[in-house]
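K.L.:
Before we start, here is the structure in question, set down as structure tokens.
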DNA sequence: CTGTTAGCGCATTCAA
DNA sequence: TTGAATGCGCTAACAG
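Protein chains in written order, with this note's numbering: chain U, 2 to 332; chain P, 2 to 332.
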């Protein structure tokens, strides 16, 4: 029956038509007689023919796929964004090519390889922290790009305001009466890290307060980092202890709580704790936190990317997604 | 400078060579004089030329990409497997195309589309629970396939033994002296669900015990499900309460603990709890659990897939990954 | 070692 | 409405 490799010529021959006609029914072209279409369709099924997309893409100059570029796979964050992305791609029948690209000197070189590869029609760069020099060169390429969780005026950007988020957290703690607040931040060099730090510092300053050096910690966003940071803080003399801790991720907040528990400390009674992200567990552990709409971030990013690809965007699209304070029991 | 679309002809012309030579330097063919190679390389840089991979792939009949097919994005599980996958792909410079395919009647049709699309050289199907009818048809295709977290004798399979895992958990609880054990399972219809249930039932039976109907719950693997299930159990008359709970995922175990805490119950003092997966949080929450090597699962799956693609596999590869009981404080 | 030619499988004119 | 021809950008013989 079905031979090894069935191509458009085989179908055409078997159906007694030209390959042009087969191509037309493949692409739902209107100019095909109902009868011929059925005949071709039947043959395609009989031969178990399915088009070679590489060839389709090469000929049509469109890949029917988009690239999602991320620097790391962070548990909850990444999965939520991906769900949002997948949601819209599935409807559109567009493939998703996933690239993990480290934020190093070769980053843009790798991205340019993707651009020129023609395997994708557009790129969604998620938290890539693109440097000015790098995006200058990316700008020269004609491929649609949307930045997620990052704002650069020359690119379509869907982003969150880290400064505002930090501000919300700190103001909330201040309003609760806390004056000695610790901040367990993310990576020192990251956009997120520096912006949240700014938010913390500015807010404190506006209330005539200041972040003590020994109460500022950096780390990655993992539970382990929060745990270690809090242990360091709790190893300070008791009079240096904070009355509240702002952690840059819920995972870190969980580590903080863990370190506290080992010392027999309770939140918020002994030390209040507020996190960031609102992961599912934050709900069950009743952690007060700043909610980031990650699913929506992924979803909107792809919606905009597809519009850009289809030329439906007149100008650069910018959208800030709203953060929300979720009040629970740890602060 | 660099024109809009630079192709191999532009490079050839500018360098004063034939396109064959350009192609050879692109593919690191040895038969190119050092001098010519340098000249071509220089021109490529000057023109910012990067090959069109669609064309390369079509001409060479290899996609330099693999498909990863999953039914859902489950937080920790999925990310860990993906990390393992990504690890080996990155080294090999092979692209990853991610497909989310629901486990319904059209599943195999979608997979066949992928096969014939020629966009990938092989497929890694992760927990796809392929039915017998479906895999019969897949078997007829010539594309390399590796199943992750699923075992079918005709396919390369990297898998875990759910029965054994359940057995380990239950035996551990029994050895601790528990006789009334509850089992909060995953989805009823899933392979995982039915196998773990079998493991639980068999183990109990071998010790002359039996799982009470009201102590068996099904749900998805989320925290919420564990929480709800445990609430139902705790709403039973106290004399029906179990002395230990086996949850089919750590997330569910966390939900269980949460439901217990709301009733002022402690683990293991009041009711012992054992989970499954060993997610990062299980460590911090000190949950005793069954550790599943998910990173390794992804890693090995791709290693085998690449070998299959390269024709380095003489026969069907089967490998069971070892589970491990991680003893902590909740049981 | 290198240039030339013929496909890869399809979309897309252009005529008919 | 349809068939035949041309090209997408590259690889892979095949000569030279």
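All C-beta atoms, glycine included, are put in the ideal place defined by N, C-alpha and C.
1) DSSP has residue 96(U) in a bridge; who is on the other side?
2) Name the residue from 263(P), 268(P), 306(P) whose alpha carbon lies nearest to the alpha carbon of residue 174(P).
3) Please say whether residue 18(U) and residue 47(U) have beta carbons closer to each other than 9 Å?
4) Applying the 10 Å Cβ sphere with the 16-neighbour rule, what's the burial state of residue 197(U)?
5) Bridge partners for residue 319(U) per DSSP, in chain order?
6) Considering residue 271(P), what are the terminal residues of the alpha helix (DSSP H) in which it resides?
7) Short of 7 Å Cβ to Cβ, which residues in the region 110-135 of chain P face chain U?
8) Any idea which residues DSSP pairs residue 224(P) with across the strands?
9) Taking only the alpha-carbon atoms, compute the straight-line gap between residue 57(U) and residue 217(P) and give it to the nearest angstrom.
10) Give the secondary structure of residue 50(P) by DSSP, where H, G and I count as helix, E and B as strand, and everything else as coil.
11) Mind pulling the beta strand (DSSP E) runs of 3 or more residues that sit fully within the region 87-147 of chain U?
12) Using beta-carbon positions only, say whether residue 50(P) and residue 8(P) come within less than 9 Å of one another.
13) I'd like the span of the alpha helix (DSSP H) that includes residue 341(P), first residue to last.
14) Beta carbons nearer than 8 Å to chain U: which residues of the region 205-231 of chain P have them?
15) Whole-angstrom Cβ separation of residue 227(U) and residue 256(U), contact assumed at under 8 Å?
16) Is it buried or exposed, residue 179(P), if we count other Cβ atoms within 10 angstroms and call 16 or more buried?
17) Can we say the region 120-138 of chain P touches the region 319-329 of chain P, given the rule of at least three CB pairs closer than 8 Å?
18) Is there contact here, the region 119-133 of chain P with the region 141-155 of chain P, by at least three beta-carbon pairs under 8 Å?
19) Cα-Cα, which of 164(P), 6(P), 231(P) is closest to residue 192(P)?
20) Determine which residues of the region 256-279 of chain U have a Cβ less than 7 Å from any Cβ of chain P, and write them out in chain order.
21) At 8 Å on the CB atoms, spell out the chain P contacts of residue 91(U), in chain order.
22) With 16 as the cutoff for other CB atoms within 10 Å, does residue 96(U) come out buried or exposed?
23) Measure from the C-beta of residue 281(P) to each C-beta in chain U and report whether the shortest distance is under 9 Å.
24) Can you tell me where the alpha helix (DSSP H) holding residue 167(U) begins and where it ends?
25) With distances taken from CA atoms, which of 170(P), 185(P), 69(P) is nearest residue 101(P)?
26) Taking beta-carbon pairs under 7 Å, can you tell me which members of the region 65-85 of chain P lie near chain U?
27) When Cβ atoms are compared, which residues of the region 48-60 of chain U fall closer than 9 Å to chain P?
28) Going by DSSP in three states, residue 184(U) sits in which element: helix, strand or coil?
29) Please classify residue 279(U) as buried or exposed, where buried requires at least 16 other C-beta atoms within 10 Å of its C-beta.
30) If I follow the unbroken beta strand (DSSP E) through residue 327(U), where does it start and stop?
31) Would you check if the distance between the CB atom of residue 222(P) and the CB atom of residue 189(P) is smaller than 9 Å?
32) Should residue 265(U) go down as buried or exposed, given a rule of 16 or more other Cβ atoms within 10 Å for buried?
33) Only counting the same chain, and skipping five residues up and downstream in sequence, which positions put a Cβ closer than 7 Å to that of residue 304(P)?
34) Would you call the region 110-117 of chain P and the region 284-295 of chain P in contact, with 3 or more CB pairs under 8 Å?
35) Mind checking who residue 22(U) pairs with in its DSSP beta bridge?
36) For residue 276(P), does the three-state DSSP call read helix, strand or coil?
P.N.:
Looking at the coordinates:
1) 66(U)
2) 268(P)
3) Between residue 47(U) and residue 18(U), the gap from beta carbon to beta carbon reaches 9 Å or more.
4) buried
5) 158(U)
6) Note, residue 271(P): premise wrong, no alpha helix (DSSP H); not H, not E.
7) 113, 114, 117, 118, 119, 120
8) Partner(s): none; residue 224(P) has no beta bridge.
9) 52 Å
10) The answer is coil: DSSP assigns residue 50(P) none of H, G, I, E or B.
11) Correct list: 96-101, 123-127.
12) yes
13) Only positions 2 to 332 of chain P appear in the structure, and residue 341(P) is not among them; the question remains open.
14) Answer set for the region 205-231 of chain P: 223, 224, 225, 228.
15) 3 Å
16) buried
17) No, because fewer than three Cβ pairs between the region 120-138 of chain P and the region 319-329 of chain P fall closer than 8 Å, the two stretches do not touch.
18) yes
19) The shortest Cα separation from residue 192(P) among 164(P), 6(P), 231(P) belongs to 164(P).
20) 256, 259
21) Result: 101.
22) Result: buried.
23) yes
24) 163-176
25) 69(P)
26) Among the residues of the region 65-85 of chain P, those with a Cβ less than 7 Å away from any Cβ of chain U are 74, 76, 77, 79, 80, 83, 84, in the order of the chain.
27) 49, 50, 51, 52, 53, 54, 55, 56, 57, 58, 59
28) If DSSP states are grouped into helix, strand and coil, residue 184(U) belongs with the strands.
29) When all chains shown are included, residue 279(U) counts as buried.
30) 325-327
31) It is not a contact, given that the beta carbons lie outside the stated cut-off.
32) exposed
33) 89
34) Of all C-beta pairs linking the region 110-117 of chain P to the region 284-295 of chain P, fewer than three are shorter than 8 Å, placing the two stretches out of contact.
35) DSSP output for residue 22(U) lists no bridge partner at all.
36) strand
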